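Right, one structure below, let's go through it.
Protein chains: 2
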Amino acid sequence: MTALKGNLMFGQSGGPTSVINASAAGVFIEALKHSEVIEKVYGAANGIVGILNEKFYDIGQEDLNELEMLKYTPSSSLGSCRYKLADAAKDDTDYKRLLEVFQKYNIRYFFYNGGNDSMDTCNKISKFMQNAGYDCVVMGVPKTIDNDLFGTDHCPGFASAAKYIATTTMEVYQDARVYDTGMICVIEVMGRHAGWLTAATRLANEKGCGPDLIYLPEVAFDMDKMLADVKKIYAETGKVIIAVSEGVQTKDGVFIPELVAKDDVAVDSFGHKQLGGTASVLAEFLKKETGAKVRGIELSLMQRCASHCASQIDIDESFLAGRTAVIKALEGMTDYMVGFERDSGSEYKCNIKMIPLNDVANTEKKVPLEWINKEGNFVGQEFVDYALPLIKEETKQIKEDGLPRFAKLKKVLVK
Amino acid sequence: MTALKGNLMFGQSGGPTSVINASAAGVFIEALKHSEVIEKVYGAANGIVGILNEKFYDIGQEDLNELEMLKYTPSSSLGSCRYKLADAAKDDTDYKRLLEVFQKYNIRYFFYNGGNDSMDTCNKISKFMQNAGYDCVVMGVPKTIDNDLFGTDHCPGFASAAKYIATTTMEVYQDARVYDTGMICVIEVMGRHAGWLTAATRLANEKGCGPDLIYLPEVAFDMDKMLADVKKIYAETGKVIIAVSEGVQTKDGVFIPELVAKDDVAVDSFGHKQLGGTASVLAEFLKKETGAKVRGIELSLMQRCASHCASQIDIDESFLAGRTAVIKALEGMTDYMVGFERDSGSEYKCNIKMIPLNDVANTEKKVPLEWINKEGNFVGQEFVDYALPLIKEETKQIKEDGLPRFAKLKKVLVK
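Structure representation (structure tokens):
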């Protein structure tokens, strides 16, 4: 078939990662090579919100060298959003507006870069355009540190976050045992529903510097059991490192910070409920129950933006995902997300696997329960075999004066 | 003069840094070359506490390659302590015990690696040994991320922490402005009395990704002024990044977390005062006062143990400090700390400067007030010129499977 002639719109959505712009680079650099078909390449400011507001950049005016630099620039350079489209059957206002913008700017290629919600958005837009009789190729480019997208071996962004988390865990392990006194350390990792990132602390155990206890949201969290686990190890060694997902919940579905917030006294002097993070709440609890010195550490935004510690494999794959989206679109595919399938060989190798958006949308992939030990407080070798190959290479990020050199985009608005 | 014949004892003290073991490597590798004078090289387990308890390792039994690896291994590999010796005039129990151990093991070289307190310890021990007529060469090897030791251009450990802090600030800057909604981000940095580390966030401004406001402990902190600063920038740009030292105090000498803890309602459901960090208290305050989305980030232990982001200049200088201590001791010097003096040329170069322990002990070096702007909310170019040359080179840390390869010591106890 003949490829559609027209313009391409690319948007970034949801929480950023340290390699999300590598996918943007892949889309842009590949798309700009096909000017006979893709006449203009646009980057939406703040994802779908930018399209609704007719705010997007003309990528053709950027320096190619700076587009290459996007590979090593963390956190959605075009801007992101957390905008959820309504069900078109109930309210099609936004869809009609999108169609209007697509028609006005002759958008025939729409690529959206994000996680579960974004794949859902992609899918809904594609269906609407088809029903409206407007020809437009729609492609999902995966991105999420959470690693919870369905159908792909892993997600762009996960490996770099995992590398930072494992590295930091090793370093904190070294730091947390320098004194001759007891010490308990609680490391809080992102992931509301899936424990992939928290499980990444397990990689540090491979180097003898890992946590003693790992709690994922896949297993109901029991405060008393955790306390017993900690007390046992503390009695034996005087040092305990705990990795815990921000998303762990009790069997009644209560998040850890809510255990405190529910209580009336947990109000600070400004009149605010002290919600606090999971780590700080657990640290306070363990301090009281054990009398030990306890430190709570939240890896916060760093785990998703630490580009200086990104995995080059992740960067290359993220770039490839973007590039492949263009290539497959030009081959005539639509309504797919680019995914990865791992070779069964002993050397790590991933091949492209195109996954229908319908299958991906709103399905979460969690850590298999059989990879978690029976006690629900540690992660098995299966996870190591899965994740370690993904973090092996160091980033080729360029430094200036010992600091990262990020891409400098002109961001020329399309009028 | 003829160098004293006997054994060498090296100890690490106080809070660790990501390069503290590079100084240990410098002492050990150099000392082991001089076996005609330094017969045995010992490493104290947990600093002075290990000596008091006769617990130390025979470094001669370690592999030279692993001692080299110490350069890239964060956080006191021998163990540290926070043990403060009494004034010998009031209570000389510990000093007598040290003398006993020194005599028993023929310790003629005592090197102590640490910050202000450790240099004071060094000095006290040296005086006592002299008064007791026991010949022992005493050397201080500097170490502190706080950069507050007197008489030296900068302190081993500072540059690596500064590099991590500046890099992380740049990355968080990118992350904190991806959405089209307002965002205030408070980054809390270590430093109870001196603002060197918090000032390091200023380096990120050189790359266009730095904080809008920087608050150091050198200037009295005014909550209302800070709020006005934030509101002004927020109204203009919708994004504010604030770097604040954990040590900022109001003009009445009250630390930020104490502003909350003093209040009776600030008690959590476990019955504990919610002390919280400076960042989380300021974040709560700003949330209430501005209604904006606010995130508090504590760089926690990571800023002092992130060896993967260490400065190779810092590593080399830390090693040199340790090595120089041995060389100068063999030349007959005693009661000195190894320090650095910067060349006045345009290219960065530091020379060794030996500083009498008497001058160093318990004197704190703070950020010059003339380097802080008049409003007390930002840091000047003078700091950039001072600090940027220190962070320029990347660590040569070896990776295995994409994770840091730390030194593996045998730690054979001396019996």
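Chains as they are written, first to last, in our numbering: chain W, 632 to 1046; chain F, 632 to 1046.
Backbone N, C-alpha and C fix where the C-beta goes; we use that ideal spot for every residue, glycine too.
On a predicted model such as this, the values are computed, not experimentally measured, just so you know.
Contact belief for residue i with residue j at Cβ below 8 angstroms, rounded distance in angstroms
| i | j | result |
| --- | --- | --- |
| Val672 of chain W | Phe687 of chain W | Not really, about 10 angstroms apart at Cβ, beyond 8 angstroms. |
| Leu847 of chain W | Thr829 of chain W | 5 angstroms |
| Arg973 of chain W | Asp784 of chain W | 5 angstroms |
| Leu917 of chain W | Val861 of chain W | 6 angstroms |
| Gly878 of chain W | Gly822 of chain W | 5 angstroms |
| Pro814 of chain F | Lys924 of chain F | Residue identity differs from the one stated: residue 814 of chain F is Met in this sequence, not Pro. With a Cβ gap of about 5 angstroms, Met814 of chain F and Lys924 of chain F count as contacting. |
| Cys767 of chain W | Met801 of chain W | In fact, because the Cβ distance is near 47 angstroms, the residues do not count as touching under 8 angstroms. |
| Leu709 of chain W | Ala675 of chain W | 6 angstroms |
| Ala952 of chain W | Ser654 of chain W | 5 angstroms |
| Ala960 of chain F | Met770 of chain F | 5 angstroms |
| Pro987 of chain F | Asp966 of chain F | 6 angstroms |
| Leu932 of chain F | Ile928 of chain W | 6 angstroms |
| Asn1008 of chain F | Leu844 of chain F | 5 angstroms |
| Gln734 of chain W | Cys936 of chain F | With a Cβ gap of about 55 angstroms, Gln734 of chain W and Cys936 of chain F do not count as contacting. |
9 angstroms Cβ cutoff met for residue i and residue j
| i | j | result |
| --- | --- | --- |
| Thr775 of chain W | Gly646 of chain W | yes |
| Tyr726 of chain F | Ile756 of chain F | yes |
| Ala790 of chain W | Ala1038 of chain W | no |
| Pro705 of chain F | Ser938 of chain F | yes |
| Val817 of chain F | Ala914 of chain F | yes |
| Ile690 of chain W | Tyr743 of chain W | no |
| Ile944 of chain F | Glu1013 of chain F | no |
| Ser649 of chain F | Asp748 of chain F | no |
| Arg954 of chain W | Met700 of chain W | no |
| Cys940 of chain F | Tyr795 of chain F | yes |
| Asp1032 of chain W | Lys980 of chain F | no |
| Thr881 of chain W | Ala835 of chain W | no |
| Gly869 of chain W | Val772 of chain W | no |
| Glu962 of chain W | Ala634 of chain W | yes |
| Lys758 of chain F | Phe950 of chain F | no |
Closest Cα partner of residue i within the set the options
| i | options | result |
| --- | --- | --- |
| Val969 of chain F | F:Thr633, F:Glu697, F:Gly681 and F:Met750 | F:Met750 |
| Val875 of chain F | F:Ser911, F:Lys863 and F:Glu972 | F:Ser911 |
| Val1045 of chain W | W:Ser654, W:Ile682, W:Gln643 and W:Val668 | W:Ile682 |
| Glu1006 of chain W | W:Ser791, W:Glu849, W:Lys636 and W:Lys664 | W:Glu849 |
| Leu729 of chain F | F:Leu663, F:Lys794 and F:Phe741 | F:Phe741 |
| Leu780 of chain W | W:Met640, W:Gln943, W:Val998 and W:Lys1039 | W:Val998 |
| Gln934 of chain W | W:Glu995, W:Ala792, W:Thr881 and W:Ala914 | W:Ala792 |
| Glu736 of chain W | W:Cys940, W:Gly637, W:Cys786 and W:Lys984 | A small correction: the amino acid at residue 736 of chain W is Tyr; Glu does not occupy that position in the sequence shown. Comparing Cα-Cα distances from Tyr736 of chain W to each of W:Cys940, W:Gly637, W:Cys786 and W:Lys984, the minimum goes to W:Gly637. |
| Glu948 of chain F | F:Gln805, F:Gln880 and F:Lys984 | F:Lys984 |
| Ile651 of chain W | W:Ala717, W:Pro787, W:Lys1027 and W:Ala825 | W:Pro787 |
| Lys996 of chain W | W:Leu698, W:Leu663 and W:Gly826 | W:Gly826 |
| Ala662 of chain W | W:Glu1031, W:Leu695, W:Val820 and W:Lys919 | W:Leu695 |
| Leu1021 of chain F | F:Gln880, F:Ala655, F:Asp990 and F:Glu978 | F:Glu978 |
| Ala717 of chain F | F:Tyr743, F:Thr752 and F:Val732 | F:Thr752 |
| Glu819 of chain F | F:Ile887, F:Gly782 and F:Lys794 | F:Ile887 |
| Val1043 of chain W | W:Val885, W:Gln692, W:Asn1004 and W:Gly869 | W:Gln692 |
| Gln1028 of chain W | W:Lys919, W:Ile946 and W:Ala807 | W:Ile946 |
| Gly782 of chain F | F:Ile958, F:Gly1033, F:Thr1026 and F:Phe971 | F:Phe971 |
| His665 of chain W | W:Ile958, W:Asn989, W:Asn993 and W:Asn1008 | W:Ile958 |
| Val803 of chain W | F:Ala851, F:Asp777 and F:Ser707 | F:Ser707 |
| Ala720 of chain F | F:Gly884, F:Gly922 and F:Asn762 | F:Asn762 |
| Asn1004 of chain F | F:Gly642, F:Gly764, F:Arg833 and F:Phe641 | F:Arg833 |
| Tyr865 of chain F | F:Gly642, F:Gly922, F:Asp883 and F:Asn754 | F:Gly922 |
| Lys856 of chain W | W:Gly908, W:Glu920 and W:Glu670 | W:Glu920 |
| Asp578 of chain F | F:Thr1026, F:Thr994 and F:Leu1040 | Residue 578 of chain F lies beyond the stretch modelled for chain F, which goes from 632 to 1046, so this question has no answer here. |
Residues sharing a beta bridge with residue i, DSSP
| i | result |
| --- | --- |
| Leu1047 of chain F | Outside the modelled stretch of chain F, which goes from 632 to 1046, sits residue 1047 of chain F, for which no answer is possible. |
| Asp689 of chain W | W:Tyr673 |
| Lys984 of chain W | W:Gly970 |
| Tyr743 of chain F | F:Gly642 and F:Gly771 |
| Gln880 of chain W | W:Phe886 |
| Arg926 of chain F | F:Cys816 |
| Val875 of chain W | W:Glu819 and W:Tyr846 |
| Ser711 of chain W | F:Tyr810 |
| Val1010 of chain F | F:Ile1003 |
| Pro1035 of chain W | W:Lys1030 |
| Gly637 of chain W | W:Ile669 |
| Lys870 of chain F | F:Met814 |
Below-9 angstroms beta-carbon distance, residue i vs any chain C residue
| i | result |
| --- | --- |
| Ile776 of chain F | The question asks about chain C, but that chain is absent: this structure's protein chains are W and F. |
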